[in-house]
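K.L.:
Adding 61 to a residue's 1-based position in the sequence shown gives its number in the working numbering.
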Amino acid sequence: MFYKDQYAALSDNNPAQCLSDGENEDYPLTRGESTQRKRVSKRTSRRRYVSIVIAVLLGQTLYTALVLFGARELYYKPMCPRLAAPDNYHAWDVLEYREVKADHEEPDEHHPYLGIPSPELDPFRNRVPASEKYLYNGLHRDYYYSNMTEKEEKSHNSHMNHCLHRLMDALKCNPDMSPLTLHWVVNEVAPVVNWPGSSHTCADWSKVTSWAKEHQIAPSGKQTILQVARHPLYASLIDDQGHADFLDQEQLVDWEKLFSRPDYPAWANEHGIPQGTVPSEDLLKNSHTEQRL
Numbered sequence: 062m063f064y065k066d067q068y069a070a071l072s073d074n075n076p077a078q079c080l081s082d083g084e085n086e087d088y089p090l091t092r093g094e095s096t097q098r099k100r101v102s103k104r105t106s107r108r109r110y111v112s113i114v115i116a117v118l119l120g121q122t123l124y125t126a127l128v129l130f131g132a133r134e135l136y137y138k139p140m141c142p143r144l145a146a147p148d149n150y151h152a153w154d155v156l157e158y159r160e161v162k163a164d165h166e167e168p169d170e171h172h173p174y175l176g177i178p179s180p181e182l183d184p185f186r187n188r189v190p191a192s193e194k195y196l197y198n199g200l201h202r203d204y205y206y207s208n209m210t211e212k213e214e215k216s217h218n219s220h221m222n223h224c225l226h227r228l229m230d231a232l233k234c235n236p237d238m239s240p241l242t243l244h245w246v247v248n249e250v251a252p253v254v255n256w257p258g259s260s261h262t263c264a265d266w267s268k269v270t271s272w273a274k275e276h277q278i279a280p281s282g283k284q285t286i287l288q289v290a291r292h293p294l295y296a297s298l299i300d301d302q303g304h305a306d307f308l309d310q311e312q313l314v315d316w317e318k319l320f321s322r323p324d325y326p327a328w329a330n331e332h333g334i335p336q337g338t339v340p341s342e343d344l345l346k347n348s349h350t351e352q353r354l
């Protein structure tokens, strides 16, 4: 019959005949294979999602690193080399910037940093940089450096010039772009500085000085650099307090006093220095190198 030839009967002994109708199909007819493929598909999608997230995070990290490097090398470094330098001493965290209000009155004799010398104001000046303090002391040399000889005064002026140069370097390397305003007064025909001025953003100086004291090279109980770093040539001639009778008020060597010391001949012979002559710079360099070795 027609139907017999076109449609064959299913055999009860061969269940595999139910799995396919003989046509090419892209999907399975069994439930087990369909579920397995769905699981594989979900697992692949999850891995792809995780890979995309990791790639995005790596891209953001690389982009941030490039931006920070470019900002440091191309922007901050020309403007502020200090911030571009490696923070080997972990000092950057100490710099807390805050607004500092300007004085509303002109500095007078009672100003903590600019007033006339007095025991009450001296503690304030120990908080300022050494160069600034030295300049202030130089302005009041009659109080701090009385009875200076002509030679000592010449040396003192040289030190003041060095301090001025140091402050000039500091200002040039860390410029303050706040405007300096002027105003008119009744007793002058030219405008003068307006002391209230504008607001400045400055580092918290008390934290800076505290950090400096904690990291200073002078150990506890030693107050001067001469007590810490002994001179390669004169170490045996300087006492434990860093004092010597052949040094003037500026801590410079007075050669006549050095030559007149009773132990000078033995000292000169030990270092190979002809008596009555000033040691050469080469001798100092060689002595310093030998001590380091």
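No residue lacks a Cβ here, since even glycine has one placed at the ideal position from N, Cα and C.
(1) Any idea if residue 319 is buried or exposed, counting beta-carbon neighbours within 10 angstroms, 16 or more meaning buried?
(2) Return the chain-ordered ranges of every alpha helix (DSSP H) run that is complete within the region 201-225 and spans a minimum of 4 residues.
(3) Just the Cα atoms here: how many angstroms apart are residue 221 and residue 298?
(4) My understanding is that residue 345 touches residue 293, with C-beta atoms under 8 Å, so please give their C-beta distance in whole angstroms.
(5) Could you pull the DSSP bridge partners for residue 308 from this structure?
(6) When DSSP labels each residue in this structure, what does residue 244 get in the three-state scheme?
(7) Which residue marks the beginning of the alpha helix (DSSP H) containing residue 327, and which one marks its end?
(8) Using alpha carbons as the reference points, say which of 105, 197, 263 lies closest to residue 235.
(9) Check each candidate in 333, 124, 217, 126 and name the one with the smallest Cα separation from residue 312.
(10) Between the C-alpha atoms of residue 145 and residue 265, what's the straight-line distance to the nearest angstrom?
(11) Does the beta-carbon distance from residue 243 to residue 250 come in below 8 Å?
(12) Expressed to the nearest angstrom, what Euclidean distance is found between the alpha-carbon atoms of residue 181 and residue 314?
(13) Rounded to whole angstroms, what's the CA-CA distance from residue 90 to residue 108? Just pull it up for me.
(14) For residue 329, which residues from the same chain have a beta carbon less than 6 Å from its beta carbon, with the 5 sequence-adjacent residues on both sides left out?
(15) Enumerate in chain order the residues of its own chain whose CB-to-CB distance from residue 325 is below 8 Å, with the five nearest sequence positions on each side excluded.
(16) Quick one: Cα of residue 290 to Cα of residue 303, how far?
(17) Within its chain, find whatever has a CB closer than 6 Å to the CB of residue 111; leave out the 5 residues flanking it on each side and keep chain order.
(18) What is the rounded straight-line gap between the Cα of residue 306 and the Cα of residue 317?
(19) May I ask which residues mark the beginning and end of the alpha helix (DSSP H) holding residue 267?
(20) Does DSSP put residue 62 in a helix, a strand or coil?
(21) Residues in the same chain with beta-carbon distance under 7 Å from residue 343, minus the five sequence neighbours each way, listed in chain order, please.
(22) Considering only the beta carbon of each residue, do residue 301 and residue 213 sit closer than 8 Å?
(23) Flag this pair as yes or no: are the beta carbons of residue 178 and residue 195 separated by less than 8 Å?
(24) By the three-class DSSP mapping on this structure, what secondary structure does residue 253 have?
P.N.:
Let me lay it out:
(1) buried
(2) 202-205
(3) 28 Å
(4) 6 Å
(5) 314
(6) strand
(7) 325-332
(8) 263
(9) 217
(10) Residue placement at residue 145 is poorly supported in this model, since its pLDDT is 48, which falls under 50; the coordinates still yield a value, given next. Their backbone Cα atoms lie some 20 Å apart in a straight line.
(11) no
(12) 33 Å
(13) With a pLDDT of only 49 at residue 90, under 50, the local geometry of the prediction cannot be trusted, and no value is derived from it.
(14) 336
(15) 319, 336
(16) 9 Å
(17) none
(18) 11 Å
(19) 266-275
(20) Low local confidence applies: a pLDDT of 47 at residue 62 is under 50, so the model's placement there is unreliable, and no value is given.
(21) none
(22) no
(23) no
(24) strand
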